[in-house]
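Numbering (our numbering), first residue to last: 652 to 1108. The C-beta atom is built at its ideal place from N, Cα and C for all residues, glycine as well. Please read all numbers here as calculations on a predicted model, not as lab measurements. Working notes, structure below.
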Amino acid sequence: MPFIIIRGSCLFSWLPLFFFPISALFSLLSFLSNSLLFSEIMLGRGNANTEGGDPDCTEVLEDNSRSILMGIISQLRKDMDLHRVTLPTFVLEPRSMLERVTDFMSHPELLIEASTKTDPLVRFLDVVRYFLSGWHIKPKGVKKPYNPVLGEIFRCKYKYSNGTEATYVAEQVSHHPPISAYYYGSPENGVYIQGDLRPKSRFLGNSAATLMEGENHIIFTHLHNERYDITMPNVYARGILFGKMVLELGDSCVVRCRTSDLVCELDFKTKGFFSGQYNSVSGKVKKESTGEVLYEISGQWSSEIYIKMAKASNKTLFFDVKSSTIHPKVVRDIDEQEPLESRRLWSKVTSAILKDDMDTATDEKTLIEDRQREETKLREAEGREFSPRFFNVTYGDQYEFKGISSFDYQNKMKAKSELENVVFPPLQSATQTAEPSPSNSIKNANNVSKSAFPIAY
């Protein structure tokens, strides 16, 4: 799974930080943050080289950059574990990580189409295309989704043009360590997705790292439960303390189908210090048992991706962001959601962020986090363990969606009803609204229309 690294100069890694006087540390960092030449060289953007630049993955914080610096420095303590440092509220994306996962369900036609293919290789390539289609959906600049609290959930449905539907649910099943489990099911199409995110965070001076372990599994039940195992690239955000903030994907990940003996090794490339492009990706589709390269992939995940046969010179368009359509989610109105549903839980924080009222956003965020700490203390005092609502722990500390083993997958309509009854119990049926496409939903996360029927945007 991803590995979100906020990186730059490894200042803290080679300074004896915790034996360095805070006043001296502040003076040093203040000097560095005000040194434009230093920050441009360290971040690889000297001489204003913008070749391959992407305005959506960079952000100039101006006066706020000093606030980030002060906010982080104020939290430093001797022997402190740096992964506990809290980023200022204004670098947050106004939605939960549980909802962020749904970006990969934004082009369902690719996966539904893949499930209908009879040729295993063609089907595999379609799954790879589907995976690559989920990265271009992101807020402008460098933003981090809310860290879900224990027991938080996000639920939604999808209605497709072929008359079928799908249901998605995600839950924060563990807080220490943090684990987010999620499940997507479209019984009518025989498509299911199950996975989890396991972030581990570290700060490294002008950078920080969140290692996201875990895997994503796509299953086609009508093809004898053919399964695709997927890991994710690392995500780099640089320039946290000084310089321009930049968000990039980097390093390798794989898409694998053991049934078909196929693997796609993808390499997400970060921009070099003095050359290269943002958002580049390349990959090779191989016969795993022999290592034979069948296809090669190249391009930019934020615009156009191409594919060609290994021994051919001509490449064809594999995925085009501009011509793609983002499919909307159907989400209950906030007033009809449960207290621990993501949009309702974080509604006051989101509202404050959208109004650019960062003081209120910070206060509301702190209230949520303090309440979670109190609930943890109460459980410990009473000797109770947290039990996830939608997921069971299986062998190897893995999480499995409850009911998955009892669904009647041969009867598609029955399986659909069973899934909906688990995620949306009948007694909790409520008004639903369809959110705008993600390009606008970041600004309108709490402004969905109240209607008795889904609304198309």
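Here Ala-963 carries a coil assignment [DSSP, helix/strand/coil]. Classified as exposed, Asp-1059 has fewer than 16 neighbouring CB atoms from the shown chains inside 10 Å of its CB. If you keep only unbroken alpha helix (DSSP H) runs of at least 4 residues inside the stretch 968–1036, you get 993–996, 998–1005 and 1009–1033. Inclusion of Val-842 and Ile-763 in the CB contact set at 8 Å is warranted, their separation being smaller than that value. CA-CA distance, Gln-845 to Ser-831, rounds to 11 Å. Per DSSP, reduced to three states, the secondary structure at Lys-1063 is helical. With distances taken between CA atoms, Leu-968 lies nearest to Glu-955 out of Arg-806, Asn-885 and Glu-955. Taken in chain order, the whole beta strand (DSSP E) runs of length 3 or more contained in the stretch 777–840 are 795–797, 804–810, 816–826 and 829–837. Of the candidates Met-1064, Glu-1036 and Arg-780, the residue whose Cα lies closest to the Cα of Trp-952 is Arg-780.
About 6 Å separates the Cβ atoms of Gln-928 and Lys-922, confirming a contact at the 8 Å cut-off. DSSP places Arg-751 outside any beta strand (DSSP E); the residue lies instead in the alpha helix (DSSP H), whose first and last residues are 748–751.
In the three-state reduction of the DSSP assignment, Asp-912 falls in the coil class.
Its Cα nearest to that of Arg-889, the residue Lys-795 stands out among Leu-991, Pro-745, Lys-795 and Pro-771. Its chain contains Val-800, Gly-802, Glu-803 and Ile-804 as the residues whose beta carbon lies nearer than 8 Å to that of Leu-991, once the 5 sequence neighbours on both sides are disregarded; these appear in chain order. Excluding the 5 residues flanking it on each side, Thr-872 has same chain C-beta neighbours closer than 7 Å at Gly-841, Tyr-843 and Tyr-1060, in chain order.
Taking the C-beta atoms as reference points, Glu-839 is found nearer than 8 Å to Lys-1063. A check of alpha carbon separations from Val-914 across Lys-920, Leu-945 and Tyr-1050 identifies Leu-945 as the nearest. Taking all protein chains shown into account, Asp-847 has 16 or more neighbouring C-beta atoms within 10 Å of its C-beta and is therefore buried.
DSSP places Ile-1055 outside both helix and strand once states are collapsed to three, so it counts as coil.
Under DSSP, Ser-903 takes part in a beta bridge, and its partners are Asp-918. In this structure, DSSP gives Phe-871 an extended state, which the three-state scheme calls strand. Here DSSP, grouped into helix, strand and coil, assigns Ser-1068 to helix. Assignment of beta-bridge partners to Tyr-843 by DSSP yields Gly-836 and Ile-870. Counting of Cβ neighbours within 10 angstroms places Thr-1045 among the exposed residues, the total staying below 16. Relative to the Cα of Ser-812, the nearest Cα in the group Leu-743, Leu-1070, Thr-976 and Ile-788 belongs to Thr-976. Its chain contains Gly-846 and Ile-881 as the residues whose beta carbon lies nearer than 6 Å to that of Asn-867, once the 5 sequence neighbours on both sides are disregarded; these appear in chain order.
About 6 Å separates the beta carbons of Tyr-835 and Met-756, which is inside the 8 Å limit, making them a contact pair. For Glu-877, the enclosing beta strand (DSSP E) begins and ends at 877–881. Sixteen is the threshold: since fewer than 16 other Cβ atoms of the shown chains lie within 10 Å of the Cβ of Phe-924, the residue is exposed. Counting the other CB atoms within 10 Å of its CB gives Glu-1033 a total below 16, which places it among the exposed residues.
Nearest to Ser-766 by C-alpha distance, out of Ile-870, Phe-782 and Ala-817, is Ile-870.
Beta-bridge partners of Glu-947 (DSSP): Lys-935 and Lys-959. Here Ala-888 is bridged, per DSSP, to Leu-898. By alpha-carbon distance to Pro-771, the top candidate from Cys-908, Thr-1013, Lys-1067 and Asn-798 is Cys-908. Asn-930: not part of any beta strand (DSSP E); DSSP gives it neither H nor E.
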